[in-house]
Each structure stands twice: as C-alpha cells, then as structure tokens.
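Okay, structure first, notes after.
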Amino acid sequence: MTPFPGDPPVTSALVEEHHLTPDEFARIEKLLGRTPTLSELGIFSALWSEHCSYKHSRPILKTFPTTGPQVVQGPGENAGVLRLPDGWAVAFKIESHNHPSAVEPYQGAATGAGGILRDVFTMGARPVAMLNSLRFGSLDEARNRYLFAGVVKGIGDYGNCVGVPVLGGEVDFAPGYTGNPLVNAMCVGLLKEKDLIRAAAHGVGNVLITMGSSTGRDGIHGASFASEELTAKSEARRPQVQVGDPFTEKLLLEASLELIQSGHIVAIQDMGAAGLTSSSAEMAARGGVGVEIDLSLVPTREKGMTPYEILLSESQERMLVVAKADRVKAVEAIAAKWDLTAMPIGRVTDDGMYRCMWKDQVVVEIPGRQLVEDCPVYYPEAKESPAVARLRTERPTPHSPLPQVGEALLRLLDDPSIASKRWVYEQYDSSVQARAVIHPGGDAGVLRVQGTDFALAVTTDCNSRYLALDPYEGGMAAVAEAARNVACTGARPLGLTDCLNFGSPERPEVFFQFREACRGISDACVALDTPVTGGNVSFYNESPTGSVDPTPVIGMVGLLEHADRAVPSHASGAGDVVLIAGDTSSELGGSAYWEVIQGFRGGTPPRVDLVGARHLVDFLVGAASGRLLKSAHDASAGGLGVALAEAAIGGPYQNAGMGLTVDLSNYAPALSDGDLLFSESHNRAVLTVSPDRVPA
Amino acid sequence: PYYVWHKDTDLKGADVVILPGGFSYGDYLRSGAIARFSPIMEAVAAHARAGGPVLGLCNGFQILCEAGLLPGGLVRNDRLRYVSRPVRLRVEAVDTPFTNAYRKGEEITVPIAHGDGRYVADAPTLAALEAEGRVVWRYVGENPNGSTNGIAGVCNAARNVVGVMPHPERLNAPVLGGQDGARVFFSLEARDATQHAGDLRAVGGHHRGV
Numbered sequence: 131m132t133p134f135p136g137d138p139p140v141t142s143a144l145v146e147e148h149h150l151t152p153d154e155f156a157r158i159e160k161l162l163g164r165t166p167t168l169s170e171l172g173i174f175s176a177l178w179s180e181h182c183s184y185k186h187s188r189p190i191l192k193t194f195p196t197t198g199p200q201v202v203q204g205p206g207e208n209a210g211v212l213r214l215p216d217g218w219a220v221a222f223k224i225e226s227h228n229h230p231s232a233v234e235p236y237q238g239a240a241t242g243a244g245g246i247l248r249d250v251f252t253m254g255a256r257p258v259a260m261l262n263s264l265r266f267g268s269l270d271e272a273r274n275r276y277l278f279a280g281v282v283k284g285i286g287d288y289g290n291c292v293g294v295p296v297l298g299g300e301v302d303f304a305p306g307y308t309g310n311p312l313v314n315a316m317c318v319g320l321l322k323e324k325d326l327i328r329a330a331a332h333g334v335g336n337v338l339i340t341m342g343s344s345t346g347r348d349g350i351h352g353a354s355f356a357s358e359e360l361t362a363k364s365e366a367r368r369p370q371v372q373v374g375d376p377f378t379e380k381l382l383l384e385a386s387l388e389l390i391q392s393g394h395i396v397a398i399q400d401m402g403a404a405g406l407t408s409s410s411a412e413m414a415a416r417g418g419v420g421v422e423i424d425l426s427l428v429p430t431r432e433k434g435m436t437p438y439e440i441l442l443s444e445s446q447e448r449m450l451v452v453a454k455a456d457r458v459k460a461v462e463a464i465a466a467k468w469d470l471t472a473m474p475i476g477r478v479t480d481d482g483m484y485r486c487m488w489k490d491q492v493v494v495e496i497p498g499r500q501l502v503e504d505c506p507v508y509y510p511e512a513k514e515s516p517a518v519a520r521l522r523t524e525r526p527t528p529h530s531p532l533p534q535v536g537e538a539l540l541r542l543l544d545d546p547s548i549a550s551k552r553w554v555y556e557q558y559d560s561s562v563q564a565r566a567v568i569h570p571g572g573d574a575g576v577l578r579v580q581g582t583d584f585a586l587a588v589t590t591d592c593n594s595r596y597l598a599l600d601p602y603e604g605g606m607a608a609v610a611e612a613a614r615n616v617a618c619t620g621a622r623p624l625g626l627t628d629c630l631n632f633g634s635p636e637r638p639e640v641f642f643q644f645r646e647a648c649r650g651i652s653d654a655c656v657a658l659d660t661p662v663t664g665g666n667v668s669f670y671n672e673s674p675t676g677s678v679d680p681t682p683v684i685g686m687v688g689l690l691e692h693a694d695r696a697v698p699s700h701a702s703g704a705g706d707v708v709l710i711a712g713d714t715s716s717e718l719g720g721s722a723y724w725e726v727i728q729g730f731r732g733g734t735p736p737r738v739d740l741v742g743a744r745h746l747v748d749f750l751v752g753a754a755s756g757r758l759l760k761s762a763h764d765a766s767a768g769g770l771g772v773a774l775a776e777a778a779i780g781g782p783y784q785n786a787g788m789g790l791t792v793d794l795s796n797y798a799p800a801l802s803d804g805d806l807l808f809s810e811s812h813n814r815a816v817l818t819v820s821p822d823r824v825p826a
Numbered sequence: 379p380y381y382v383w384h385k386d387t388d389l390k391g392a393d394v395v396i397l398p399g400g401f402s403y404g405d406y407l408r409s410g411a412i413a414r415f416s417p418i419m420e421a422v423a424a425h426a427r428a429g430g431p432v433l434g435l436c437n438g439f440q441i442l443c444e445a446g447l448l449p450g451g452l453v454r455n456d457r458l459r460y461v462s463r464p465v466r467l468r469v470e471a472v473d474t475p476f477t478n479a480y481r482k483g484e485e486i487t488v489p490i491a492h493g494d495g496r497y498v499a500d501a502p503t504l505a506a507l508e509a510e511g512r513v514v515w516r517y518v519g520e521n522p523n524g525s526t527n528g529i530a531g532v533c534n535a536a537r538n539v540v541g542v543m544p545h546p547e548r549l550n551a552p553v554l555g556g557q558d559g560a561r562v563f564f565s566l567e568a569r570d571a572t573q574h575a576g577d578l579r580a581v582g583g584h585h586r587g588v
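As you go down the protein sequences, you meet chains A and B in turn. My numbering applies: residue 131 is where the first sequence begins, and numbers increase by one. My numbering applies: residue 379 is where the second sequence begins, and numbers increase by one.
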C-alpha cells in the first residue's frame, strides 16, 4: 500500500485532528496489520465518529423495545417501517441537523430536511408528510431570532419545493439552547409492503452507481463535526455546511422510486453523513459482501479532488445505487429521463474487503465487516448532578403578590413556547398532495391515504423541562404525550422514532440523563405498545454556555381506521358540552406556570401513570371511532387553563373563535385556582361533545 | 386524465390541458421562467390559440404568464415570505370553462401555498382585465400576498385560458374539510365546455399524485 501522491504522512497529530483516540488508532493498526493511509484514516474517522457509530449509545439503544406484529422493519435501516391495512406500510424516521444549523441556519436546516426525505424514499416509500422539532434560546436575543427565522425559512424553501406537506412539529424556546439550537426533521412515507427495499448490497458482480449531483469539496467531515462540541471556533466550520438543491432532490425522489419499481436495482442508499464512505461501507456490511470502487470515476465538481476528499465529501442530493450487473444501461436511462447523471463507479465483490482504487492503484483496503462493526463501544460513567437532585426538591420563593389567574393565563398564552406557531407553519405548505385532514396547529397532523378508508396521525413531542429535572419521568412523559396527541385525533399509536439530543456523553451527568431518559422511553413504549423503529442520537450538543437540556424528541405515527372520523383539537359547535377526561392534582413542578409566572425552573415534574395513559388512549380511540367527540385536545404545558383556551381559540384550518363557559367547581374542589388551571398532571384531555351524546 | 411528459411535443389529442402547481425547475431564476421553454409548451400554446381550455394552477399560472398566454406576472409576496393557509375568494367571472358551475359573486374557501403570488400588470392591462370582466377570482378580506386589485386569477381575452394562484384542486372532498374547489373541474362537464368534451388531461408531472 503506497500513499496517494501528495497525501501527508499519518502522524499522531493528524490522528488527533481526525478525532480518533490513541487507543482507537491502535485498534485500527491492529485491524489492518499496518498504518492506515490518509484516506483510510479519514474513513475510520467518519465511520467511527459518534454520529455514524453510536459508540457511546449502542448498549443503551439495544434496550429499546423494537418488535411487535406491526413492525416490518426495526432499527438498522435508513428508516423504520410499520404495517398498515390493505398491504400498505409507513416508513418514517427523525434525524438531527443541529450543528450545521447552529453555524448556517438556512442551509443547515434545508439540508436536514433533504437528508431525512432521502432516508425515507430509499426504502421505496413516497414521502407524504414532514414534521420538525425546533429548539432555540430566548427570542430576546438577536442571534436566536436570526437562527429561528433562518431555520424556518430553510425548512420551508426545501420542503415546499419538493412538494411534501409539513403536518406537524413543535417549537420551544429555553435558555439551555442558546448557542446550540436543535433542528430535528422527521419524514413519513407510504409504500406497499411488497415494494420495500433494504439497503443491503448483494450479488457479486453487481454494479455500484452514483446518481445525482456531482461531488464537491463541501461538507467534508460533516459527520465528525456533528460529533464535537460547538465552540467559538465553530464559525470557521461554516464552509463545511452543505448547500441544498431541492429541485435535484425532487428529481432524485422520482428517479429513485422509479428505479425501485423497475426491479433493475438491489439496493439504494443516500450519500448522507460521511458521504460515499458510509453509504458504500454500510450497504456492503449489511449484505455481507465486499465492494471495489474506482474513485477516479466519481463525477466531481472541481478538478484535482483527492481520493480522501471524494470519499468524505457530503455534497447533497447524491445516491448510491447497486444495480443488477446486466441492467446498468436501464438504470442510466431512468436517470437520464430525470435529467440526472448516473455513473458506474464500482462493483460488489466476494472477498469482503472495502477496497478503493485510483485507476490501477489501491488506495484503501479495509476488511469491510470490521470497519463497520468493530468500532469500539464505550460504557461511560453515569451520575446525576447533585444540583439537579436538589432542584427537584425546591419550590419557587413566594412572590407577592402573584397575578390573578386570568392575568397569569394571558401571560402563559403570550409565552413564545406556548403561543400559536402559526408564524412558523404558515411558511410550510401543508395542503400539497391534498392529503391533510388535520393541518398543523392541532394535537397531531392527520393525513389521508388516497384510495383507502384509513388515515395516519403524526406528531413530535418532548417537554425538556421535565427531562432536565427528572430524565426518567421526562422520557416516559415524552412518549405518553405523543401517544395522547395521536389518540386525541382518534388514531391508535403504532410506533415511534426518536431523536435523542443530549450534551457530551463523556460528562457523567449527561450520560445519566441519557440512560435514564432511554429507560423512561422504553418503559412507556412497552406500556403503550409503541415499539421504537429507529432514530438518531445527537450527542455533543454543547456550547460555551453548557450542555443543552436533555431533549429526546419522540416522533410518533398512529393509525386512524376511518379518515372521516378524525377528531380536531378545536371546539366548533355552539351549545356543545365541554368535558375534561382525567384527573388533576397539585403538580406544578417543572410547569410552564412556575417558569413563566414565577421565574422558577425546578421542582418535581408530574408523575407519569402508564396504566392511566393507556386507558386514556383507549378511551379516546374508542370514543372517536364511535363518533362521540366533536373535539379533543391534550392538556400539557400550561395545564387545563391553556388547553381550554386553545380549544376555544381555534386555528387557520379550523372554525376559529368559539367561547367556552366552564364550571370547574366540582371537578377538583380541593385545589387552589392556580393548581387547578396550571398544574400539568398527565393523562388529561379537554373534549367537546354534542349535547345529545352526553349522559344525563 | 393522463399526464404528458414535459419533453414531449404532442398533447395526444387532449381536449383540456391543466398545468399543475409545483416548483418547475425549483423556481430557480424566476417562477415558471424555465418551464415555459419546455418542449410541450408549443403544443399547449397551439391548443390555446385554437380555443382549447387551459387551466394553470399556482406554478401553472406562473408558467402561463411567462409563456405570454396570460397577461401580467406573479412576483414575490409583499411580506417576502411563503404563505400557506386557506383564503376566501370571490368568483368574479363565471363565463369560463372552469367557473361556469359557480354563481357570480359567490364566495369560496380554498388554500394558497406560494412565495411568488403577487399579481402585477401594467395599468392598461389592468384596466382591460377589469373592464372586460377577466378577473376570474379575487381575494376577499385580507389580501394575502399584495396582489394588485386583490387579483387571484385571470383569463385571456378569449376566456379559454385561465390561471389561478390558489389551489382549488386541494379542497375538493369533505374529508379535507371542504369541497369548494371541486366545481372548477365539474365546470368542464357543463354546457359551455361540451364543445371540448372528453377526457380531462394534464400536462406536467412534477407533483404527481396531486
């Protein structure tokens, strides 16, 4: 193995620059039996980054429940897949694009949307809905307003152009996200189960083809950028943020689905994080085969690109296709129909090696399975921060005087995290594809599946205030709230994808949050029968001001058997009766009320009763199926006070502006007005019902 | 209905042509500015000149303006942001192949979803449009994009080519919360269109499944 001309020698300084520890480098040398070349070092650096290898999270992720009769494809593929009626299936996945968005919000968010779309359509599914979960620091700071506006415009410009409706999401503002915003995008796609394709290369002699944009010098080392802490120097990473081209994405989407339908190909994968390297190595490892690629054949944007750069570029809108050996011409013809370049660059081999050539010279030769699977696994120390344990036992210092409940309610409704997100979702096309039964602004988005009776409900949820105080309860709460939001529309929760956003796992107090949050998610998934089908871990969400709040965003999908029985979240009929399902107790710990009104972010968050959560879900689904409900709205942040107000206020696609008269005097007589209206006890929903449906 | 590929040059005998919404060529350069050069557009223009009904929805409207088949143009929304929401429209002209199933002056609700939806034209063109009753739809209440005279859709002088920025095709079934847009298509069944009766056919395919 001779180094490629011009490549620097691999020194310990270069190894450190690639974020590999001395131990990891020793492991690489042992695996190869020699010192790696620069290209090989780059490959290990990318595939053994936290972002690609899950080296700190893998043992914990294995504890998630991932099976069930509804699961067609669990974790490990580009997206999870759940079974639907009539031979249909739903593919869905959530992913983070936090660090690129922190330095270049518009392109960072746009390319995040692009990446998650590709993860879904490479399964053979047509994208039918997008959601996004966004977190920023306080809007009082100009930098946060810049990030917020740029992210929203980036998501909108990309998704609107590709023609996939945004049907839900959440936006939260908290001091913990200053300097490190969270930008999570979820995509939901529909397919016939028989058309599912997995990203596993097979068939010795089959041909690897790149399709789409040519390869440039943008985004080199994006995967390792995602795996380090943000610092003052991160601004210098801005040129590494890729630039999105949504029209090419649209062409890729159509060409990919046509290729999958055609039977000409055996596998297809997005060249996402770590680009050509990860797509080729992962497809080879999944199929248990080797691959050989001639890097000199890869179409490039610039002259003089080295093997190292070609392997690690994260230029957007590129796919790697494994075509049947005798169908290369047919694949090229389909690409040409969509004005895309398709270039054969390599083939599947039987020797299990991950090999890259530059014309006749071997520049990379790594045992393929070990490259992907022998990454070290870490079991970091986990220890709760004593400050958090103490905060849980505290209460706000009494202010005098506290505002009247009416004024407190207005202030809560004015809080940016609770206030209507209309400014955001009106920048996203929700009506394209003519699917939306319930548009953004409700508990969950609902979309019909043309040609069938059924519909899907989709939501993203996470209350990080609870997680910061008690990650186990908060993890359960995120799943329970997502299930409740789905059930409020009448849909039965089917399964979920998660985007686990945390600080550095090398800090014991952060790893404690991660471990406990995952334990909470697992327990709730078992109780609610919602297996985890995949997701994404985003560690190192750190900035000079500290770790972000622990934020495991839950993206959930539910099935509504009859689309025309979908229940909106807003009241619509004068004279209808308002009901509250569920009990309220004095649980203001971690509440919006304490934070917004009393300036205190602490206390013991509300307890999750998983049996009660399941009962409420069953009740809501049954009541919707029996057409008993005119509306149903989950009570969460801001408590009953905010939930009742939101049910009355309505939204752009609802009958807006009803009034509600509610007498709570017999509902929970022991509670003070403040507790009654703003406690955030779980398992509650505000319902409206026709008078003739209410038992006397 | 069937799709005609943008690189084709033959409408295959279509009686009615619909240019759907979408982002042809990503709206790069200017909305509709590249798509108007698609090979199929010559056949669309010939069809329009021969009196055949043509409907442009959203990006389709932008393409028809760029192609000179409709007057005026569509520029960036006055608030410089994409806007997606339901709007109220008044049907101002019912003597077109796509609106004859509505009552004149009727108000309907349909969604909009666009960044470049502000209709502009020079003063003589606007005067002619108003005088000849060629403003087909007008926004009622809030003007969502700053369109001149609240114009949401127009037709050509012969009234067979119609363009509309909102999306009547996206609100056409009770399960979607309304069906005010459906009569745009039922209008084709009515008497005014019988001379062109036959299949409803569409050009495009960038947003298949819409």
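The C-beta atom is built at its ideal place from N, Cα and C for all residues, glycine as well.
Check	Outcome
Considering only residues of the same chain and omitting the five flanking positions on each side of S409 (chain B), which have a CB-CB separation below 7 Å?	N437, Q440, L452, D494
Quick check: what's the CA-CA separation for H700 (chain A) versus K324 (chain A)?	38 Å
On the DSSP bridge list, what partners appear for K513 (chain A)?	Answer is none; K513 (chain A) lacks a bridge partner.
Would you grab the beta carbon distance between S263 (chain A) and T791 (chain A) for me? Rounded to a whole angstrom, and I think it's under 8 Å.	No, S263 (chain A) and T791 (chain A) are not in contact; Cβ-Cβ is about 35 Å, not under 8 Å.
Kindly indicate if chain A contains any beta-carbon less than 9 Å away from that of Y406 (chain B).	yes
Does DSSP put K185 (chain A) in a helix, in a strand, or in coil?	coil
Starting from R448 (chain A), follow the beta strand (DSSP E) in both directions and report where the run begins and ends.	448-453
Measure the beta-carbon distance from S594 (chain A) to L630 (chain A) and round it to whole angstroms, keeping in mind my assumption that it falls under 8 Å.	With a Cβ gap of about 12 Å, S594 (chain A) and L630 (chain A) do not count as contacting.
What residues in the stretch 392-423 of chain B bring their beta carbon closer than 9 Å to a beta carbon of chain A?	G399, G400, F401, S402, Y403, G404, D405, Y406
Since C847 (chain A) meets chain B, which of its residues come closer than 8 Å, beta carbon to beta carbon?	Since the first residue of chain A shown is 131 and the last is 826, residue 847 (chain A) is not available in this structure.
Check whether the Cβ of P464 (chain B) lies closer than 9 Å to any Cβ atom in chain A.	yes
Count the other CB atoms, across all protein chains shown, that sit within 10 Å of the CB of A385 (chain A); report buried if there are 16 or more and exposed otherwise.	buried
List the endpoints of the continuous beta strand (DSSP E) containing C629 (chain A).	622-631
From which residue to which residue does the alpha helix (DSSP H) around R731 (chain A) run?	Note, R731 (chain A): premise wrong, no alpha helix (DSSP H); not H, not E.
Provide the residue span of the alpha helix (DSSP H) that contains V747 (chain A), from first to last.	740-755
Between the Cα of A568 (chain B) and those of B:E508, B:Y480, B:G430, spot the shortest distance and give me the residue it belongs to.	B:Y480
Return the CA-CA distance between F278 (chain A) and G309 (chain A), expressed in angstroms with no decimal places.	12 Å
Can you name, in chain order, every residue of its own chain whose Cβ lies under 7 Å from the Cβ of E146 (chain A), other than the five neighbours on each side?	none
Using a Cβ-Cβ distance under 9 Å, would V562 (chain A) count as near chain B?	yes
Using beta carbons (cut-off 9 Å, strictly below), is G703 (chain A) in contact with chain B?	no
Distance check for R537 (chain B) and M686 (chain A), CA to CA, integer angstroms please.	49 Å
State buried or exposed for Q563 (chain A), treating a residue as buried only when at least 16 other CB atoms are found within 10 Å of its CB.	buried
Given this structure, state the Cα-to-Cα distance separating A598 (chain A) from F303 (chain A), to the nearest angstrom.	14 Å
List, in order along the chain, the chain A residues whose C-beta lies closer than 7 Å to that of Y381 (chain B)?	Chain A residues near Y381 (chain B): none, gap ~12 Å exceeds 7 Å.
Once DSSP output is grouped into helix, strand and coil, what is the label at H763 (chain A)?	strand
Give, in chain order, every residue of the stretch 540-570 of chain B whose Cβ lies closer than 9 Å to some Cβ of chain A.	H545, E547, R548, L549, N550, A551, P552, V553, L554, G555
State the DSSP-derived secondary structure class of Y517 (chain B), mapped to helix, strand or coil.	strand
Against chain B, does R303 (chain A) count as a neighbour if the rule is that its beta carbon must be under 9 Å from one of theirs?	It is Phe, not Arg, that sits at residue 303 (chain A) in the sequence shown. Cβ-Cβ to chain B under 9 Å: no for F303 (chain A).
Quick check on the DSSP output: what are the complete alpha helix (DSSP H) runs of length 4 or more inside the stretch 475-543 of chain B, in order along the chain?	501-509
Report yes if the C-beta distance between D573 (chain A) and N615 (chain A) is below 9 Å; otherwise report no.	yes
When you compare each of A:V678, A:S179, A:G625 to E639 (chain A) by their alpha carbons, which one comes out closest?	A:V678
Can you pull out the residues from the stretch 489-502 of chain B whose beta carbon lies closer than 8 Å to at least one beta carbon of chain A?	P489, A491, G493
Do I423 (chain A) and I327 (chain A) have their C-beta atoms within less than 9 Å of each other?	no
List in chain order: all unbroken beta strand (DSSP E) runs of 3+ residues lying wholly within the stretch 461-547 of chain A.	472-479, 483-488, 491-497
Chain B beta carbons: is any one of them nearer than 9 Å to that of Y558 (chain A)?	yes
What does DSSP give as the partner residue(s) for L261 (chain A) in the beta ladder?	A:G298, A:M316
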